[in-house]
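*Asks:* Residue numbers (our numbering): 29 to 129.
If you scroll down you'll find the structure; I have some questions about it.
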């Protein structure tokens with residue numbers, strides 16, 4: 029916690045209201061690449077920005093790296109509809125909540 033890049037991130041969860049670290053965005057392709065690489069794009073996000081507000085910077089960076097326009101993005105549901113360009117289509121993935129019963 030003494031490192032200068034570590035930030036307090038308020039999670040709003042009862043069991044872990046705060047976490048310490050830096051939010052990171054990692055993008056990968058759906059299909060396995062020829063070289064077997066997993067991460068297409070990775071970026072540290074200082075200041076704990078809202079997930080959906082990061083798409084405006086991440087999408088152009090990904091498209092520059094792959095050299096073509098991205099057609100579809102699968103992301104956590106929090107990314108959907110927030111500050112995202114009209115193209116590509118952003119689809120939110122919903123996590124299943126399993127009951128303890």
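Just so you know, even glycine gets a beta-carbon here, dropped at the ideal spot from N, CA and C.
Being a predicted model, the structure only gives us computed values, none of them experimental.
If you count every other CB in all the chains shown that lies within 10 Å of the CB of residue 61, and 16 or more means buried, which is it?
*Replies:* Exposed, by the Cβ-count rule.
*Asks:* Is it the case that the Cβ atoms of residue 84 and residue 50 are separated by a distance below 8 Å?
*Replies:* Result no, Cβ atoms of residue 84 and residue 50 do not sit closer than 8 Å.
*Asks:* Under a Cβ-count criterion, where at least 16 other Cβ atoms within 10 Å of its own Cβ denotes burial, should residue 86 be classed as buried or exposed?
*Replies:* Per the 10 Å Cβ criterion, buried.
*Asks:* Distance check for residue 57 and residue 100, CA to CA, integer angstroms please.
*Replies:* So the two alpha carbons sit approximately 10 Å from each other.
*Asks:* Exposed or buried, what is residue 29 when buried is set at 16 or more other beta-carbons lying within 10 Å of its beta-carbon?
*Replies:* With a pLDDT of only 44 at residue 29, under the threshold of 50, the placement of this residue in the model should not be trusted; the figure read from the coordinates follows. Exposed, since its Cβ has fewer than 16 Cβ neighbours within 10 Å.
*Asks:* Using DSSP bridges, identify the partner residues of residue 54.
*Replies:* Partner(s): 70.
*Asks:* Could you pull the start and end residues of the beta strand (DSSP E) that residue 89 belongs to?
*Replies:* Here residue 89 belongs to no beta strand (DSSP E); instead the alpha helix (DSSP H) covers 83–94.
*Asks:* Enumerate in chain order the residues of its own chain whose CB-to-CB distance from residue 36 is below 7 Å, with the five nearest sequence positions on each side excluded.
*Replies:* Result list for residue 36: 46 and 48, in chain order.
*Asks:* Mind checking residue 96: buried by the 16 CB within 10 Å criterion, or exposed?
*Replies:* Under this definition residue 96 is an exposed residue.
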